[in-house]
Each structure stands twice: as structure tokens, then as C-alpha cells.
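2 protein chains.
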Amino acid sequence: MKIYGDSNSGNCLKAKWVCDHLALPYSWIEVDTKGGGSRTPEFLKLNPFGQVPTVDFEDGRTLAQSNAIIRYLARDSDLAPKNAFAAAKMDAWLFWEQNSHEPYVAVCRFHMVYLGKPASALDPNLVRRGYVALDQLERALGQSRFLVGESFSLADVALLAYTRLAHEGGFDLVRHGAVRRWIAESEAFLKLAPAR
Amino acid sequence: MKIYGDSNSGNCLKAKWVCDHLALPYSWIEVDTKGGGSRTPEFLKLNPFGQVPTVDFEDGRTLAQSNAIIRYLARDSDLAPKNAFAAAKMDAWLFWEQNSHEPYVAVCRFHMVYLGKPASALDPNLVRRGYVALDQLERALGQSRFLVGESFSLADVALLAYTRLAHEGGFDLVRHGAVRRWIAESEAFLKLAPAR
Numbered sequence: 019m020k021i022y023g024d025s026n027s028g029n030c031l032k033a034k035w036v037c038d039h040l041a042l043p044y045s046w047i048e049v050d051t052k053g054g055g056s057r058t059p060e061f062l063k064l065n066p067f068g069q070v071p072t073v074d075f076e077d078g079r080t081l082a083q084s085n086a087i088i089r090y091l092a093r094d095s096d097l098a099p100k101n102a103f104a105a106a107k108m109d110a111w112l113f114w115e116q117n118s119h120e121p122y123v124a125v126c127r128f129h130m131v132y133l134g135k136p137a138s139a140l141d142p143n144l145v146r147r148g149y150v151a152l153d154q155l156e157r158a159l160g161q162s163r164f165l166v167g168e169s170f171s172l173a174d175v176a177l178l179a180y181t182r183l184a185h186e187g188g189f190d191l192v193r194h195g196a197v198r199r200w201i202a203e204s205e206a207f208l209k210l211a212p213a214r
Numbered sequence: 019m020k021i022y023g024d025s026n027s028g029n030c031l032k033a034k035w036v037c038d039h040l041a042l043p044y045s046w047i048e049v050d051t052k053g054g055g056s057r058t059p060e061f062l063k064l065n066p067f068g069q070v071p072t073v074d075f076e077d078g079r080t081l082a083q084s085n086a087i088i089r090y091l092a093r094d095s096d097l098a099p100k101n102a103f104a105a106a107k108m109d110a111w112l113f114w115e116q117n118s119h120e121p122y123v124a125v126c127r128f129h130m131v132y133l134g135k136p137a138s139a140l141d142p143n144l145v146r147r148g149y150v151a152l153d154q155l156e157r158a159l160g161q162s163r164f165l166v167g168e169s170f171s172l173a174d175v176a177l178l179a180y181t182r183l184a185h186e187g188g189f190d191l192v193r194h195g196a197v198r199r200w201i202a203e204s205e206a207f208l209k210l211a212p213a214r
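First to last, the sequence lines map onto chains A and B. If you read the first sequence in our numbering, its first letter stands for residue 19, the second for the next number, and so on. If you read the second sequence in our numbering, its first letter stands for residue 19, the second for the next number, and so on.
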């Protein structure tokens, strides 16, 4: 399988981390989204929505949406709880990541890293809502080792992607000790070099 | 089970529709989100994130996030494909709905219906991106009867919720014949009165 992704995108790295952890063979095709690489006619043929990551299974099947991709790739692995209710709790985090965390924490980083804005020029409403998300993570991770109980799951993969890069979006995790503990444990679980 | 929801919220209605279709018994607890009903100490005890819908299974377990809820409730039903790859395609729509459709189509409606703005006062960027999402739905629904092939699935439940109310957010579906055909078929499948 080929993973089309931008290595600067946390969403894309989720797919890479899952493949690496599960030892699934893949080739990584770098897409320069900043330079328009996800808007070329060739790429739009693969994914008409023009979004990365996109997986090409080379039998004509393709799959987009980072959280759908990791859910599919890891469906029978130790990264996805067997118990239906625990899996539902994992799903709730995956959807929450997309609607309540990524639009603030990742978007602030996008404005700073991709658009070159200083932190002082960020939309204060995005920053405020980013901290709301980080505070909610802090509360959850003060109660259990990982997001779905004591075992690392796809919920941790999805939330780790941009939380470990929050400082690049101007967020200060000094008040978020449980989040910092969880970032370190999750990076170690996935054998990633610490993001900072 | 109790579903805490706001009947004006498409996200909340997804859970109701799935329960009604599958004949799952539930009681609906109306939460007036506009009046702060999801921010009371009692509600925050149920869901510290202050979001509806929230399901209370009455054995101490609760579940939030509309798409995680319907995925759990319908997990062994005809609304969820048995084939793993078809289920992944359904998931891709569920995540896309939350990150590329709801933040524009539902948010424009929120500004008009909840905040009382006229269509002319909507953020043009939200409107533009709402039409991008509707155009993408039009392309997909020009190719198959429902979003995941020929069978109605949770992908249709999730996307129907706000697409059928798009006009309340100022969107005109005159160019979107396939979307209008699909809204009518989906409403008929779920035995809903047409939204317009």
C-alpha cells in the first residue's frame, strides 16, 4: 500500500505510526500540501476531496480520513479494544479530536508553521478553544493512564498527533502535567523521538 | 437508556433516528442548549465536555459524540456494513462529516437559527466551504444511490442530519439534484416527514 501524506501533518503521521507499530508494509509518498501537491489533477484522481492522508491499496481501492484509515488498518490489533463499549469510547475520542481539538490546536499550529504568523497574531477565540480542549485532555488523563483506560489505543494515536506539537501553535502545557506525562509515555510506546 | 439531546440539533437527531429505526427503547431528555442546559452542574456530571447528544445507559456508563453513539447502537445492524472495507468507507464519511461538512453547513444554520443572523451576515468563508462540501456530496451521490454503495448506512444518517436543513443555513440546493434525490430517499427510509 502507498500512503500519500505530508510529513508535517499530524493527521498524516497517524497512519505512519500505526503501520510502523503493526509492522505493516507501505511506501510513503510525500505530498507537499503547502505547494499545492494535494490539488494536482493526478492527486484529485486518487482523492477528489484533495485531502491527505490518502491510502492507495493498489487494487483500485483508496481510503481517506486519517481516523478512518487508522481504524481500518488497526481493526484486529491491540490498538483497538475488542470490547464494543470500549471501542465506542475510543470512537468518541476520535470524533472529538476532529471536532473539538484539531480545529483549534492544529489550526493554530497551521497558522504559525505554515502561514508564518507570530503567536500574538492568532485568533484569540481559536486559542481559547484550544486550551479548553487541552484542559479536557488534562482532566481525562488525570484519571487513567491512556485515553481509554490503561491500554494504549487509537484514541491516543489520534490525540497525540497534534497535542505533542501544541507548542508549535503557541500553546504552553505548563499547567498540563498529566498531558505531558501521557505525551512522553505515548511517544515511548510508539518509539518516537520526543517532539520537544 | 436515556438520550439527552436538543431536538433542534441535527447531531442529536441522529441518535433518535437510529433508535427509532432499530426499535431500541429509549427516553428522550430534552436539553435546551441555547438556554445553557448543557452547562448545568447536573449535566456536566453526566458529560464533563458539556456536549449533546449524551447517552446515559443507567448502569453508570455514558457515551457522547453523535457519530460514536450511532456507531455503537447500530454496530450489529443493517445500518453498518459487515465488510471491513465498506465499514471503513462509512467511517471516512462519518469523520468527513465532522471535519468538512458540519463546521460549515451546520454552523451557518446555527448562526441563522440560534443567533438570528440574516443570511447576508454569514461569514462568506463558511458559506464557500459549505458549498464545497455540498458539491462533494453531489458528486458522490451522482455515482451511487447512498453514500456507501446501494445500501443505506450510518454515513447517510450522519450526513442527512444537517444536509436536509441546509436551507435553514442559507444554502440553496438548486444545483444539487442528486443530493435532493438522496435526501428524499433517506427521509423515506427513516420514515421522517420531509424537512421542506
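For each residue, glycine too, the CB sits at the ideal point set by N, CA and C. Bear in mind that the values here come from a model prediction, so they are computed numbers and not experimental data.
Under the criterion of a Cβ to heavy atom distance below 7 Å, does residue i qualify as lining the ligand ADP?
i: N26 of chain B; result: This structure lacks the ligand ADP, and indeed carries no ligand of any kind.
Using the beta-carbon count (16 or more within 10 Å), is residue i buried or exposed?
i: P71 of chain B; result: buried
i: N143 of chain B; result: exposed
i: N29 of chain A; result: buried
i: N65 of chain B; result: buried
i: V36 of chain A; result: buried
i: H185 of chain A; result: exposed
i: G160 of chain A; result: exposed
i: E168 of chain A; result: exposed
i: R182 of chain A; result: buried
i: A173 of chain B; result: buried
i: R115 of chain A; result: One point to set straight first is that residue 115 of chain A is Glu, not Arg, in the sequence displayed. Label assigned to E115 of chain A: buried.
i: K3 of chain A; result: Residue 3 of chain A is absent from the structure shown; chain A starts at 19 and stops at 214.
i: N101 of chain B; result: exposed
i: S27 of chain B; result: buried
i: S138 of chain B; result: exposed
i: S84 of chain B; result: buried
i: A41 of chain A; result: exposed
i: R89 of chain A; result: buried
i: D50 of chain B; result: exposed
i: S118 of chain B; result: buried
i: F170 of chain A; result: buried
i: F103 of chain A; result: exposed
Along chain B, which residues have their Cβ under 8 Å away from the Cβ of residue i?
i: D109 of chain A; result: Q83, N85, A86, R89, Y90
i: R193 of chain A; result: Neighbours of R193 of chain A on chain B: none; closest Cβ ~17 Å, over 8 Å.
i: P59 of chain A; result: The premise fails here: P59 of chain A is roughly 15 Å from chain B at the closest Cβ pair, so nothing lies under 8 Å.
i: P66 of chain A; result: Q154, R157
i: A202 of chain A; result: Chain B residues near A202 of chain A: none, gap ~24 Å exceeds 8 Å.
Closer than 9 Å by beta-carbon distance: list the chain B residues that pair up with residue i, in chain order.
i: F103 of chain A; result: F75, R79, L81, Y90
Between residue i and residue j, how many whole angstroms is the CB-CB distance? I'm expecting something under 8 Å.
i: Y180 of chain A; j: E120 of chain A; result: 6 Å
i: F113 of chain B; j: A92 of chain A; result: About 15 Å separates the two Cβ atoms, so there is no contact after all.
i: Y122 of chain B; j: A151 of chain B; result: 6 Å
i: M19 of chain B; j: D74 of chain B; result: 7 Å
i: G188 of chain A; j: V145 of chain A; result: 7 Å
i: G68 of chain A; j: R79 of chain A; result: Not a contact, Cβ separation roughly 18 Å.
i: E205 of chain A; j: P212 of chain A; result: 6 Å
i: L177 of chain A; j: L208 of chain A; result: 13 Å between Cβ atoms; not a contact.
i: K34 of chain B; j: W46 of chain B; result: 7 Å
i: V216 of chain B; j: P99 of chain B; result: With chain B represented from 19 up to 214, any question about residue 216 of chain B goes unanswered, as that position is not in the structure.
Helix, strand or coil, according to DSSP, for residue i in the structure here?
i: D190 of chain A; result: coil
i: K32 of chain B; result: helix
i: T58 of chain B; result: coil
i: L81 of chain A; result: strand
i: F113 of chain B; result: helix
i: T51 of chain A; result: coil
i: K107 of chain B; result: helix
i: K20 of chain A; result: strand
i: A75 of chain A; result: Sequence check: residue 75 of chain A is Phe here, not Ala. F75 of chain A: coil per DSSP, three-state reduction.
i: G134 of chain A; result: coil
i: F164 of chain A; result: strand
i: S204 of chain B; result: helix
i: S118 of chain B; result: helix
For a contact meaning CB atoms closer than 7 Å, what does residue i contact in chain A?
i: P99 of chain B; result: Near P99 of chain B there are no residues of chain A at all, since even the closest Cβ is about 12 Å away, more than 7 Å.
i: R93 of chain B; result: A102
i: R213 of chain B; result: For clarity, residue 213 of chain B is Ala in the given sequence; the question names Arg instead. Those within 7 Å of A213 of chain B in chain A number zero; the least Cβ separation is about 23 Å.
At 9 Å on the CB atoms, spell out the chain A contacts of residue i, in chain order.
i: W46 of chain B; result: Correct list: empty, because the minimum Cβ distance to chain A is about 20 Å.
i: A179 of chain B; result: Residues of chain A passing the Cβ test: none, with the nearest at roughly 13 Å.
i: A206 of chain B; result: In chain order: nothing, as chain A lies at least about 27 Å away.
If the cut is a Cβ gap below 8 Å, which residues of chain A does residue i touch?
i: P121 of chain B; result: N117, P121
In chain B, which residues lie with their C-beta within 7 Å of the C-beta of residue i?
i: R198 of chain A; result: Those do not exist, as R198 of chain A stays about 20 Å from chain B at its closest Cβ, beyond 7 Å.
i: W114 of chain A; result: Q83
Determine which residues of the stretch 143-176 of chain B have a Cβ less than 8 Å from any Cβ of chain A, and write them out in chain order. Q154, R157
To be precise: take each residue of the stretch 125-140 of chain A, compare its Cβ to all Cβ atoms of chain B, and keep it if any distance is under 8 Å. Which residues remain? none
Output, in sequence order along the chain, the residues in the stretch 21-48 of chain A whose CB is closer than 9 Å to any CB in chain B. none
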